[in-house]
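In mature numbering (1 follows the signal peptide of the UniProt record, and there is no 0), the protein residues as written are -21 to -1, 1 to 102. All C-beta atoms in this analysis are idealised placements derived from N, C-alpha and C, irrespective of residue type, glycine included. Have a look at the structure below, then the notes.
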Amino acid sequence: MSARSLLIVSIVIFLSSNAYGGDGTGNTYKLGCRLLAADSPVPADKIEAVKVGECSGAVDAIFMLRRALDPSIRFCPPPRVAPGQKVRIVAKYLDDHPEQMNDDFTLLVVRAFDQVWPCPNTN
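Have a look at this one:
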């Protein structure tokens, strides 16, 4: 990831996570992403609602900034991505990789999207 794009995404995530005591890792976002990926995401309380918003905002920000990523880690989604698909991909990745939950959430999202939507090899 280029230094500039990593800085932008990290600032967005840092500002949203630190407002509620998060550390910017997968652990901070896992609950919100799971709730959002559920068939009927109805938060039980204000804390869950905030967690859902944090996950949604962070995933959308990273997805929207994908063109600013370094080509070595860029992902290439199809032209149309169904509503909720991005968060379901991220939630599944988080569930499948519990050993990475202390990693930066930005990197986890990029890894999840790259696993599902790798860019064609241009060689």
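Contact check, residue i vs residue j, beta carbons under 7 Å
i: V38; j: K71; result: no
i: I52; j: V88; result: no
i: I68; j: A40; result: no
i: G32; j: M80; result: no
For residue i, three-class secondary structure by DSSP
i: D83; result: strand
i: P77; result: helix
Contacts around residue i, its chain only, beta-carbon distance under 8 Å, and the 5 residues preceding and following it disregarded
i: W96; result: F54, C55, P56, P57
i: G63; result: L15, A16
Cβ shell of residue i (< 6 Å), same chain only, five flanking positions each side left out
i: residue 105; result: A question about residue 105 goes unanswered here, because the residues of the chain that appear run from -21 up to 102.
i: D93; result: F54
Contact belief for residue i with residue j at Cβ below 8 Å, rounded distance in angstroms
i: L48; j: S35; result: Wrong, their Cβ atoms sit about 20 Å apart, outside the cutoff.
Proximal residues to residue i (C-beta, below 7 Å), its chain only, five neighbours per side dropped
i: D83; result: G3, T4
>> Suppose only complete runs of 4+ residues qualify. What are the alpha helix (DSSP H) ranges in the stretch 7 to 63, listed by chain order?
In response: Listed in chain order, they are 25 to 43.
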